[in-house]
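In my numbering, the protein residues as written are -3 to 309.
Glycine is no exception: its CB is placed at the ideal position from the N, C-alpha and C atoms.
Before any comments, here is the structure.
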């Protein structure tokens, strides 16, 4: 199927190859919340059957080191989570707090706390990915140990005065060579500095192997699991769609969880925000929507970003 285009077909009828998408951002119908597309199911049970079909297809298409975001309504997303938890590893249950949300102006009109948020589930793709990363890190540790043994390193540490005695030197050497982090990484800067210059090319090959396996996550904005972003009504009102996601929030997700030239898959493209922002940030994209008017609107929205991308990349 043609990439960098939104297609006017049901997402479930795509012909994409397995594990082709590094990032999936899905903003599906929430079921009887907002928009005519939210009211096409006879029952909530029928809707959840489609949610499972969507989950299975996302599983087929997501790369081993890919990330999936699944948007939903606060009162209903728990049902989707039960389904998606069967197929993916839950990384976060995210909350988007809408800055300047209009409901904040009428908080006394509610018999509950005013709704000013939406939810998104963040998933990774399972044990195969974690096993691959573990193997890559293990290879590096084994490689490092062939360059310098624990005994050799302990002697160095003792001689330069980093340690007071042989016992502490051996312990320190062991810590350096088997150092672990909550965030998976190849080796630390301290470990890298132990590698002779002539051997660094071999390490670089191992590092590239690891980088190809690692799930991208660059939290450049320092975001937390409660994300405060404007609805950007000055932008969203330009598009005839009931549930337009803000560009700034969408760009943050794309930049944090994908690399340039990755494929961003958008099962329910709607107004085209995710596809347009993927193009803006030098990612490939492919989108789907069953409403032709939204497909035309979304593709038109993407054109300028694609033209700019072709000029500068």
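Local Cβ density within 10 Å of residue i, reported as buried at 16 or more and exposed below that
| i | result |
| --- | --- |
| residue 20 | buried |
| residue 217 | exposed |
| residue 178 | Interpretation of residue 178 is limited by its pLDDT of 45, a score under 50 that renders its predicted location unreliable; the figure taken from the coordinates is listed afterwards. Classification of residue 178: exposed, given that the 10 Å Cβ count is below 16. |
| residue 233 | exposed |
| residue 291 | buried |
| residue 239 | buried |
| residue 254 | buried |
| residue 176 | Any answer about residue 176 is weak, because its pLDDT of 49 lies below 50 and its placement is not dependable; what the coordinates show is given next. Exposed, by the Cβ-count rule. |
| residue 256 | exposed |
| residue 8 | exposed |
Alpha-carbon spacing of residue i relative to residue j, whole angstroms
| i | j | result |
| --- | --- | --- |
| residue 278 | residue 30 | 32 Å |
| residue 109 | residue 205 | 49 Å |
| residue 299 | residue 16 | 23 Å |
| residue 43 | residue 263 | 16 Å |
| residue 272 | residue 236 | 16 Å |
| residue -3 | residue 60 | 21 Å |
| residue 34 | residue 87 | 27 Å |
| residue 6 | residue 48 | 15 Å |
| residue 215 | residue 231 | 25 Å |
| residue 280 | residue 111 | 34 Å |
| residue 58 | residue 260 | 10 Å |
| residue 212 | residue 164 | 37 Å |
| residue 284 | residue 85 | 25 Å |
| residue 296 | residue 52 | 30 Å |
| residue 244 | residue 276 | 12 Å |
| residue 228 | residue 270 | 15 Å |
| residue 251 | residue 242 | 14 Å |
Start and end residues, beta strand (DSSP E) containing residue i
| i | result |
| --- | --- |
| residue 60 | 58 to 68 |
| residue 95 | 85 to 95 |
| residue 1 | 1 to 3 |
| residue 119 | 113 to 120 |
| residue 225 | 222 to 226 |
| residue 19 | 17 to 22 |
Pair within 8 Å by beta-carbon distance, residue i and residue j
| i | j | result |
| --- | --- | --- |
| residue 219 | residue 248 | yes |
| residue 62 | residue 10 | no |
| residue 118 | residue 80 | no |
| residue 26 | residue 69 | yes |
| residue 268 | residue 2 | yes |
| residue 223 | residue 92 | yes |
| residue 96 | residue 226 | yes |
| residue 114 | residue 50 | no |
| residue 4 | residue 288 | yes |
| residue 55 | residue 83 | yes |
Run of the alpha helix (DSSP H) containing residue i, from where it starts to where it stops
| i | result |
| --- | --- |
| residue 77 | 73 to 80 |
| residue 287 | Looking at the DSSP string, residue 287 is not in any alpha helix (DSSP H), and its letter there is neither H nor E. |
| residue 275 | 269 to 276 |
(request) Enumerate, from N- to C-terminal direction, the unbroken beta strand (DSSP E) stretches of 3 or more residues contained entirely within the region 232 to 264. (result) List check, beta strand (DSSP E) in window: 259 to 262.
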